[in-house]
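Notes for the one structure printed next.
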Amino acid sequence: TTEASFTAQLLVLPELLGDERLAADVAWAWAALSDASHHHGYELPPTEGQVRRWLEVVDRFVAR
Numbered sequence: 006t007t008e009a010s011f012t013a014q015l016l017v018l019p020e021l022l023g024d025e026r027l028a029a030d031v032a033w034a035w036a037a038l039s040d041a042s043h044h045h046g047y048e049l050p051p052t053e054g055q056v057r058r059w060l061e062v063v064d065r066f067v068a069r
């Protein structure tokens, strides 16, 4: 069985959700959370406010 890459899934998300804004927010939050999880010592960590905004998007997506 071949599964679509996560990038491909993000590309079709607006159509699947019927909500382009939420799909864009999900892609943004995923990229931000991915970057934060690959933190480097020379980078500042995300602020609490940033993490809260990302998780709010996740909550909106999961609630759908």
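Under our numbering, read the sequence shown as residues 6 to 69, first letter to last.
Where is the CB? At the ideal position from N, CA and C, for every residue including glycine.
DSSP state of residue i, grouped into three classes?
i	result
Glu-25	helix
Pro-51	coil
Ser-10	coil
Arg-69	coil
Taking the alpha carbon of residue i as the reference point, which residue from the options has its own alpha carbon closest?
i	options	result
Ser-39	Gly-23, Leu-60, Leu-21 and Tyr-47	Leu-60
Val-62	Val-31, Thr-52 and Phe-11	Val-31
Ala-37	Asp-24, Thr-12, Glu-48 and Gln-55	Gln-55
Pro-19	Ala-29, Gly-46 and Asp-64	Ala-29
Does the distance from the CB of residue i to the CB of residue j come in under 8 Å?
i	j	result
Leu-15	Trp-35	yes
Leu-27	Phe-66	yes
Am I right that residue i and residue j are in contact with their C-beta atoms under 8 Å? What's the rounded C-beta distance?
i	j	result
Pro-50	His-43	Wrong, their Cβ atoms sit about 12 Å apart, outside the cutoff.
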